[in-house]
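Numbering of the sequence shown is given in our numbering, commencing with residue 1 and proceeding in unit increments. The C-beta atom is built at its ideal place from N, Cα and C for all residues, glycine as well.
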Amino acid sequence: MTGIGTTAIHGDDGLAPANAVSPPIVQSATFSADSDEHFTEVATQQRSDAFYTRYGNPNHAQVAAVVAELEGVQAGLVTASGMGAITTMTLALLNAGDHVIVQRSTYGGTTSLTTGLLTRFGVTCTQVDQTDVDAFARALTPQTKLVLVETPSNPLLELTDLAAVIDLAHAHGAYAIVDNTFATPVNQRPAAFGADLIWHSATKFLGGHSDLSAGVVVGSAELIDRVWQTSIVTGSTLGPIDAWLLLRGIRTLPLRMARHNDNALALARALEAHPAVARVRYPGLASHPQHDLAARQMSGYGGVFSLDLAGGRAAASTLLAELRLAKRAASLGSVSTLVVHPRSMWAAIVDVEQLAGIGISEGLVRVSTGIEETADLLADFTRALDVVAG
Ligand SMILES: *Cc1c(COP(=O)(O)O)cnc(C)c1O
């Protein structure tokens, strides 16, 4: 296997016309066959990329191959969003009567899916504190089919011990599924700890430019075939142009992540000392309660950190208004620094009491550092926080 920077460029070699240095966009909803036999062959082939675009498309196949290789697994498929990925995966693997373990601190859409929608179809769910391996052990039942892990988690940057939790899931015959959106394969490879499926909101760091919405699921060919069977029913189909843009984004993922990692670490360190800041949550800080675990299972700490502002919601509001370079926007993993007030953002999909219970306070601000110059970001945040501190 090549180094990650090379894999990002060459992981799809052989999947596009040999002489096209940049693969063509195959903007076609359907593909013709030469004969009855050929039609039947493409129509029945698993993950066919030459039948009908909802079943697969050359641009899908190229991106999926690169992400699978970056994550160190056999196969992958792309969806129209990260939520398309997890909805399809869970519908592919769960039956009525099954039980799911999910983290209390996790992406709001994951909470909404597991504690809401899936329960209407006879699936039960237990939410656990991800920092406590014993909590996962206690939650396991003979019906547990999936253990859904997200580390570092959105937006509190708490970690899950991948080796311990994945081993526990396997010892009980459950699948371990990891949301690797925050870390990306540049910083963390869940497959090295035995994860069965790894998924991403490719809208974030993989795409990297805030110009597309996409999801990716990767794992063994056998599991990806099962997820694919469901994906042709759920129909979360990524447009060929967006698949092409995603691949273009991934070409520079290793370069971008290096800068995201540097910027987040520099800002997290500097802002920790600011009087307006009660706490900085970032796995790369020695003050993070799970810093040792981060150092064990991550090779870089990612581009996202959160600030707990001493002045609560008013302080958060002032900070967001004062920042010049950082944009007030949902999402993360962009070339541009984005800041958000999670309590406001998730009010539509997770109820306020649940948000407060998880630790998403009124003064919490999530920062997704872009790839701007470190010194400029430091100046922007320091000036804005000085205003907050008064
Ligand atoms: C954004 C996000 C998702 C959902 O992805 P979409 O592409 O917005 O559907 C899932 N997990 C994490 C960690 C996210 O940040």
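- In this chain, the beta strand (DSSP E) harbouring Phe-305 covers 304 to 309.
- The count of Cβ pairs closer than 8 Å, one atom from the region 77 to 85 and one from the region 235 to 254, reaches three, so the stretches are in contact.
- His-99 is classed as buried because its beta carbon has at least 16 other beta carbons within 10 Å across all chains shown.
- DSSP links Gly-219 through a beta bridge to Ala-75, Leu-197.
- Between Asp-134 and Arg-104, the CB-CB gap reaches or exceeds 7 Å.
- For Arg-248, the closest alpha carbon among the candidates Trp-228, Arg-269, His-209 is that of His-209.
- In this structure, Asp-308 and Gly-363 form a Cβ contact; the two beta carbons are roughly 6 Å apart against a cut-off of 8 Å.
- At the C-beta level, Ile-358 and Val-335 stay beyond 7 Å of one another.
- Rounded to whole angstroms, Pro-342 and Ala-348 show a C-alpha spacing of 11 Å.
- Distances from the CB of Gly-312 to the heavy atoms of ligand 1 are all 6 Å or more.
- In the structure shown, Ala-33 adopts coil according to DSSP, grouped into three states.
- Residue state for Thr-114 is assigned as helix, using DSSP reduced to three classes.
- Here Asn-19 is exposed. Its C-beta has fewer than 16 other C-beta atoms within 10 Å.
- Taking Asp-179 as reference, the option from Gly-207, Gly-215, Ala-171, Lys-145 with the minimal CA-CA separation is Gly-215.
- Remark: the C-beta of Gly-82 is in contact range of ligand 1, defined as less than 6 Å to any heavy atom.
- Setting aside the 5 residues that flank it on each side, Gly-109 is surrounded in the same chain by Gly-82, Met-83, Ile-86, Ile-349, each with a C-beta closer than 8 Å to its C-beta; the list follows chain order.
- Shortest Cα-Cα distance from Ala-64 to any of Ala-315, His-200, Leu-285 involves His-200.
- Straight-line spacing of the CA atoms in Ala-96 and Leu-265 works out to 44 Å.
- The criterion of a C-beta distance shorter than 7 Å is satisfied by Asn-57 and Val-26.
- Taking the Cα positions, Ala-268 is about 27 Å away from Ile-198.
- Under the Cβ criterion (8 Å, minimum of three pairs), the region 161 to 180 counts as touching the region 139 to 151.
- His-260 sits in a helix when the DSSP states are folded into three classes.
- The beta-carbon distance between Asn-154 and Thr-90, rounded to whole angstroms, is 18 Å. This is too long to meet the 8 Å contact definition.
- With contacts defined by Cβ atoms closer than 7 Å, Tyr-55 and Ile-224 do not form a contacting pair.
- For Asp-167, the enclosing alpha helix (DSSP H) stretches over residues 162 to 171.
- For the pair Gly-333 and Leu-93, the Cα-to-Cα distance works out to about 29 Å.
- Contact annotation: Arg-226 and Gly-72 have beta-carbon atoms that are not nearer than 7 Å.
- Taking all protein chains in view, the Cβ of Gln-143 is surrounded by fewer than 16 other Cβ atoms within 10 Å, so the residue is classified as exposed.
- Relative to ligand 1, Asp-179 has its C-beta within less than 6 Å of a heavy atom.
- Beta bridge pairing from DSSP links Ser-368 with Val-304, Leu-338.
- As a beta-bridge residue in DSSP terms, Gln-103 pairs with Val-128.
- Apart from sequence neighbours up to five positions away, the residues of its chain that approach Arg-366 with a beta-carbon distance below 6 Å are Pro-155, Ser-306, Val-340, Pro-342, ordered along the chain.
- Closer than 6 Å to some heavy atom of ligand 1: that describes the Cβ of Thr-203.
- In this structure, the alpha-carbon of Glu-272 lies about 12 Å from that of Gly-284.
- Just measuring C-alpha positions, the residue of Gln-297, Ile-101, Arg-279 sitting nearest Val-186 is Gln-297.
- A direct Cα-to-Cα measurement between Thr-44 and Asp-211 gives close to 34 Å.
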